[in-house]
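Visitor: In the numbering used here, each residue carries its 1-based index in the sequence shown increased by 2.
Built from N, CA and C at the ideal position, the CB exists for glycine as well.
These numbers were taken from a predicted model, which means no experiment stands behind them.
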Amino acid sequence: MEAAPEQTPVSSEANSSFEASKLQPTGEYPVKEPKKDQYCAADATHHGEFDFGSFFDRVWRACPNKDHWADTEEAVKALIDAGEQPGDVLAATEAYRKRVAGYDPQRIKLSQNFFAEDFWRGHVPAAEKRADPQKVLEARAADIRARKPWARTILPSQAGECIQEKLITVAECRAAGINV
Numbered sequence: 003m004e005a006a007p008e009q010t011p012v013s014s015e016a017n018s019s020f021e022a023s024k025l026q027p028t029g030e031y032p033v034k035e036p037k038k039d040q041y042c043a044a045d046a047t048h049h050g051e052f053d054f055g056s057f058f059d060r061v062w063r064a065c066p067n068k069d070h071w072a073d074t075e076e077a078v079k080a081l082i083d084a085g086e087q088p089g090d091v092l093a094a095t096e097a098y099r100k101r102v103a104g105y106d107p108q109r110i111k112l113s114q115n116f117f118a119e120d121f122w123r124g125h126v127p128a129a130e131k132r133a134d135p136q137k138v139l140e141a142r143a144a145d146i147r148a149r150k151p152w153a154r155t156i157l158p159s160q161a162g163e164c165i166q167e168k169l170i171t172v173a174e175c176r177a178a179g180i181n182v
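#1: Counting beta carbon pairs with one atom in the segment 51 to 69 and one in the segment 112 to 130, are three or more of them shorter than 8 Å?
#2: At a Cβ threshold of 8 Å, is residue 178 touching chain B?
#3: Tell me, to the nearest whole angstrom, how far the beta carbon of residue 162 is from that of residue 138; I am working on the premise that it is less than 8 Å.
#4: Where do the N-terminal and C-terminal ends of the alpha helix (DSSP H) with residue 162 fall, by residue?
#5: Quick check on the burial criterion: 16 or more other C-beta atoms within 10 angstroms. Buried or exposed for residue 153?
#6: Touching or not, the segment 117 to 124 and the segment 144 to 159, by the rule of three or more beta carbon pairs under 8 Å?
#7: Taking the alpha helix (DSSP H) that residue 114 falls in, what are its first and last residues?
#8: Look at residue 97 and residue 135 and say whether their C-beta atoms are less than 8 Å apart.
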């Protein structure tokens with residue numbers, strides 16, 4: 003049996019002198035600044051950099067009928083260089099893959115032709131339109147003020163939102179048949 007080598011404890015005196023040597027003249031410890039030339043992959047989008055390689059890998063995996071990798075990469079790179087949004091290209095590829103799932107492979111566009119012939123543009127999902135909340139409140143207040151027949155279907159809480167925004171008064175709500 004061998005005995006473990008003895009470790010000499012570090013004296014608090016030595017430790018405090020070491021710590022004291024790190025202090026700034028103001029009594030603060032120095033701040034370690036990150037190096038400017040080193041980035042992790044997760045920071046790529048934060049610095050305005052675009053990693054085409056990983057983006058193309060995702061596009062290639064989403065292609066339903068992969069044919070020629072180099073030609074497809076060239077076509078996608080040309081789209082990105084022309085200013086197309088990478089998200090649109092990827093979304094169109096994924097939408098096309100879902101649409102043609104189960105089709106005969108002869109009926110599915112080859113990957114390089116999907117991008118080179120601008121066929122992909124027809125598969126970019128339309129942006130979801132959302133109503134402006136302020137316009138909704140204004141339209142609701144106009145219906146209450148005009149005492150439209152359907153104004154009575156407006157909930158008291160919805161009418162209350164219009165009152166809070168000072169678009170209508172409590173008296174106008176009651177005149178329209180809304181008990182606030």
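Guide: Taking the geometry as given:
#1: Taking a cut-off of 8 Å on C-beta distances, the segment 112 to 130 touches the segment 51 to 69, as three or more cross pairs fall below it.
#2: The chain inventory of the structure shown lacks chain B, comprising one protein chain alone.
#3: The pair is not a contact, with the Cβ atoms about 14 Å apart (cut-off 8 Å).
#4: First-last of the alpha helix (DSSP H) with residue 162: 158 to 166.
#5: Classification for residue 153: buried.
#6: Three or more beta-carbon pairs separated by less than 8 Å are not found between the segment 117 to 124 and the segment 144 to 159, which leaves the two stretches without contact.
#7: Residue 114 -> alpha helix (DSSP H) spans 113 to 118.
#8: Contact flag unset, no.
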